[in-house]
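All remarks here apply to the structure that follows.
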Amino acid sequence: MNENERVKAYNKYVNAKIPKTRPFPTLFNSFWVGGLICLIGQGINDLLLYLVPNLSEQAAWAYTLIILIFIAAFLTGIGVYDKLGKFAGGGTIVPITGFSNSITSPSIEYKSEGIIYGICVKMFTIAGPIIVFGVVSSAFVGLIYYIIGLFM
Amino acid sequence: MKCETIKFKKQPRIIGAYSIVGPKEGQGNFKDYFDYIMKNDFFGEKTFEKAERKMIENAITGAIQKAKLKVSDINVLVAGDLLNQIISSSYAARAFNFPYLGVYGACSTMAESMAVASILVDGGYFENVVCCTASHFSTAERQYRFPLELGNQRPPASQWTVTGAGSCVLSLNGKGPRITMATFGKVIDWGITDVNNMGAAMAPSAMQTLLTHFENTKTTPDDYDLIATGDLGKLGSEILIDLMEDKGIKLGLNYADCGQMYFRRDQNTLCGGSGCGCSATVFTSYIMKKLQDGQYKRVLFMPTGALLSTTATQQGESVPGVCHAIVIESEEG
Amino acid sequence: MEMFLDYLWVFLIGGFICMIGEILIITTNMTSARILVTFVLVGVFLEGIGVFDYISDFAGAGINVPIIGFGASLTKGAISAVESQGLLGVFTGCLTSTAGGIAAAIIFGFIFALIFRSHTKK
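Residue numbers (our numbering), protein chains in the order written: chain F, -6 to 145; chain R, 799 to 1131; chain Z, 580 to 701.
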C-alpha cells in the first residue's frame, strides 16, 4: 500500500469511527436560545419605540444592537456566555451577541499580555475576518451599484 | 547495532514521585492517588502560565522530598511542557541551582524525559536526575484553540487538557521501581488533519512503537501487567486496539489509556483527558503506587504526543504523532 | 393577537437561522469565526439583490439580530452612500452604517477586559 492510499484508507476508517454530535437536543437548544435572543432584541426595539416616540426606526435598531452587544460583553466578562455557548452553540454564535462575544473574549483572555499588545492587538483575532469580509464584500456590492448607476 | 530499544544494565530506580493537579482533575477517577490538589487553577498566581510554572516547581521539590534527598543532591533536571519554547519548564528551572535539559515530545514528554534521564543515570554520568512534565488546561487552550470565554462548542472527538504536573527522581541508589527498558519512537503521520481528533492522529505512532518494542524485546502483551498509553482518549485507544488487531496482536484487559480513565463520565470531557500532565500525573500517582505495592510487576508506559503547532495546522499540514515507551518493573521482581 | 403573531415570527425565523448555523457546526466542524463570516456574506448577498428589506418587514429582529442583519446593514450603507456620494460612497458607506455596532463591541470589549479576568472552564 503506498502512502496516499494509506492516508485515504485511514481517514475513511477514522471518519466512520468518530463520534458524532447528536442532532437532538443540540439543534433544538440552538433553535430556542437563538430565537429567544432575537425575541429579546425585538422586545427592546419595540420598547424603545414606545418610550421614545420620535425615535427613527433606524436609530431604534442601532440602539437595540448596542444594548444586545453590551449584554453579551457583560455576560462574557462574568464568564457566563461561554457556558451559554456550550449549551446552545449556533444559537449564541449567530446573533450579534456572538460577534460581541468574539471581540470581548480574546480581549479578556490576552489581558495578561498588557493593554496594548494584549487587549488591543488580540481584540480582533476572531472578529477581524468578519469585519474584513463584510466591508470588502459590501464595498464590492456598492461598486457594482455605482457601475450600474453610470449606465442607467 | 541498529535497535530502537535500550536495555538498561544498571536499571535506574524511581526513588520519588510527586503529582499535583487542578481542581477538576482532583474530582476525577484518580482523586485518591494525587499528592496535591490545587484549590483553583490560578494557584495564587496572576496568570495561568505562571501557575503552570509554579506547579512544575512544586512538583520538582515534592519529588525530591519524597525521595528523601535535598535539592543540592540533584545533578540535572530533564523537563518539558506544551507551551511554545517550553517556557514553563525553562522558567521553573530558573528557580533551581542545577543544570536543565529541556525536552519536547508534546504529550509523550513524560516518557521521553524519563528515558533520557535513565540513560544519564544508567551511563553513570549523573547520580540523581529529576524529570518533570506539566500541562495546564487554560494555557494550552489559548495557545492551541480559542479564548476561554468564547462561546463555542467542543467537537465530540476532542479531549480535555489536564491541568497537572508530575515529577520523579531517578537514581541508582535507593529503593523503588526500576526502569529496565526504553523504546524511542519514530514520528508517524497518517494524514489526519483534524486538530480536534488527536487520538486518531497519534494512534498509528503508538502502534508503531508497540510493534517495534515487542519485536525488539521478544515480548507479547501478556508479559505486562499494564500497558498504558498516555492520552489517546476513548476514540484513539479504540483505534489502537483495531490497528494492533490488524497486525495480529490482541490488546486485552491489561491495556488502558490514562486519558480515557482520567475523568468521570459526568465531567463532560468527551473523549477524555490529554496533555503531558495527563500521563505524567497518572504515572506518578496511580501507576507508581501500584508498582510500589507490587500489584503491578511490569508496566509498559507509552504516552503518545501530537507534534502539531497552530502555524503548521493553518498552513494545511497534517498532525504527526510520536510515541516513546518505557518498561518499569516493581522493586522485587 | 397580531402582536403575538409578530413575536412568534421573530422567534421562529431567528431560531431557524441559528439552527442552520448549528447544523453547519455539526456537519462541517466550522469554527465560530467561519460561521459568522458565512452569515455576514449571506446578509451582504440578500441586501445586494434587494430582498433583505422584504424579509425584515415581517421577520423584524428575527433577521436583524442574527449577524445577517450586520452584513445587510453594511451593504445598505454602501449602496445608499453610492447613491448620494458616487464613487466615494463605496469606501465611506459600509462602515458608516455599522459604526454604532462595531464601536459598541470595541468599547464594551475594552472596558470589560479591563474589569474582568478570564475564568477557567469547568
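Even for Gly, the Cβ is constructed at its ideal location relative to N, Cα and C.
Remember, it's a predicted structure, so these values are computed and weren't measured experimentally.
| Query | Result |
| --- | --- |
| By DSSP, does R811(R) sit in helix, in strand, or in coil? | strand |
| So is V967(R) buried or exposed if we call it buried at 16+ other beta carbons inside 10 Å? | buried |
| Since D1055(R) and G1031(R) are thought to touch, with beta carbons under 8 Å apart, how far apart are those beta carbons, to the nearest angstrom? | 7 Å |
| Quick check: A651(Z) and F637(Z), are their CB atoms within less than 7 Å of each other? | no |
| Quick one: using the 10 Å Cβ neighbour count with 16 as the cut-off for buried, is L40(F) buried or exposed? | exposed |
| Quick check on S936(R) - is its C-beta less than 7 Å from some C-beta in chain Z? | yes |
| Can you confirm whether the segment 1116 to 1127 of chain R touches the segment 590 to 604 of chain Z when touching is taken to mean that 3 or more C-beta pairs between the two stretches lie within less than 8 Å? | no |
| Enumerate, from N- to C-terminal direction, the unbroken alpha helix (DSSP H) stretches of 4 or more residues contained entirely within the segment 877 to 942 of chain R. | 885 to 891, 907 to 920 and 935 to 942 |
| Could you give the uninterrupted runs of the beta strand (DSSP E) lying entirely in the segment 1065 to 1124 of chain R, keeping only those of 3 residues or more? | 1096 to 1100, 1102 to 1104 and 1119 to 1121 |
| Please list, in chain order, all residues of the same chain as V1125(R) whose beta carbon is under 6 Å from its beta carbon, the five residues on each side excluded. | T978, M979 and L1098 |
| Are any of the Cβ atoms in chain F nearer than 7 Å to that of I821(R)? | Per the sequence shown, residue 821(R) should be read as Pro rather than Ile. Not one chain F Cβ lies under 7 Å of P821(R). |
| Could you check what DSSP says for S965(R) in three-state terms: helix, strand or coil? | strand |
| Do you know whose CA, among A913(R), T1079(R), F846(R) and L1033(R), lies nearest G935(R)'s CA? | A quick correction: the sequence has Phe, not Gly, at residue 935(R). Ranking A913(R), T1079(R), F846(R) and L1033(R) by Cα distance to F935(R) puts F846(R) first. |
| Name the DSSP bridge partner or partners of A980(R)? | I804(R) and I1124(R) |
| Is the segment 653 to 661 of chain Z touching the segment 124 to 139 of chain F in the sense that three or more CB pairs, one from each, lie closer than 8 Å? | yes |
| Once you ignore the five residues that flank E843(R) on each side, which residues in its own chain have a CB closer than 7 Å to its CB? | A849 and K852 |
| With a threshold of 7 Å between beta-carbons, can L666(Z) be considered close to chain F, or not? | yes |
| Looking at the C-beta of T845(R), does it have a partner C-beta in chain F at a distance below 7 Å? | yes |
| Which residue's Cα is closest to the Cα of A1026(R): M1059(R), I854(R) and L1009(R)? | M1059(R) |
| Give a yes or no on contact between the segment 1059 to 1068 of chain R and the segment 1088 to 1105 of chain R, applying the rule of three or more CB pairs nearer than 8 Å. | no |
| For the candidate residues C929(R), K1016(R) and D871(R), whose alpha-carbon lies nearest to that of L899(R)? | C929(R) |
| Leaving aside the five residues before and after V619(Z) along the sequence, list all residues of the same chain whose C-beta is less than 8 Å from its C-beta, in chain order. | I646, I647, F649, G650 and L653 |
| With a cut-off of 8 Å on the beta carbons, I'd call G1028(R) and V960(R) a contact; round off their distance for me. | In fact, because the Cβ distance is near 10 Å, the residues do not count as touching under 8 Å. |
| Can you tell me whether DSSP reads T1018(R) as helix, strand or coil? | coil |
| Whole angstroms is fine: what's the gap from A65(F)'s alpha carbon to T907(R)'s? | 40 Å |
| What residues of chain Z sit near A55(F), judged by a beta carbon separation below 8 Å? | G679 and G680 |
| Could you spell out the range, first to last residue, of the beta strand (DSSP E) harbouring I1025(R)? | L1024 to T1027 |
| Contact defined as beta carbons within less than 8 Å: I believe G824(R) pairs with I812(R). What is the distance between those atoms, to the nearest angstrom? | In fact, because the Cβ distance is near 23 Å, the residues do not count as touching under 8 Å. |
| Let's see if you can read the secondary structure: which residues bound the alpha helix (DSSP H) around A660(Z)? | I646 to Q664 |
| Give me the DSSP bridge partner(s) of S817(R). | G964(R) |
| For the ligand COA, any of its heavy atoms closer than 6 Å to the Cβ of N926(R)? | Summarising the ligand content, the structure contains no ligands, and the ligand COA is consequently not present. |
| What does I109(F) reach in chain R if we use C-beta pairs closer than 9 Å? | Neighbours of I109(F) on chain R: none; closest Cβ ~17 Å, over 9 Å. |
| Hey, could you find the ends of the beta strand (DSSP E) A638(Z) is sitting in? | Note, A638(Z): premise wrong, no beta strand (DSSP E); alpha helix (DSSP H) at F631 to A638. |
| With DSSP as the reference, identify every bridge partner of P88(F), one or two as the case may be. | P645(Z) |
| Is the Cβ-Cβ distance between P1019(R) and S916(R) less than 7 Å? | no |
| Just to confirm my understanding: we take G672(Z), look at its own chain, exclude 5 residues before and 5 after, and list those with CB closer than 6 Å. What are they? | G656, A657 and A660 |
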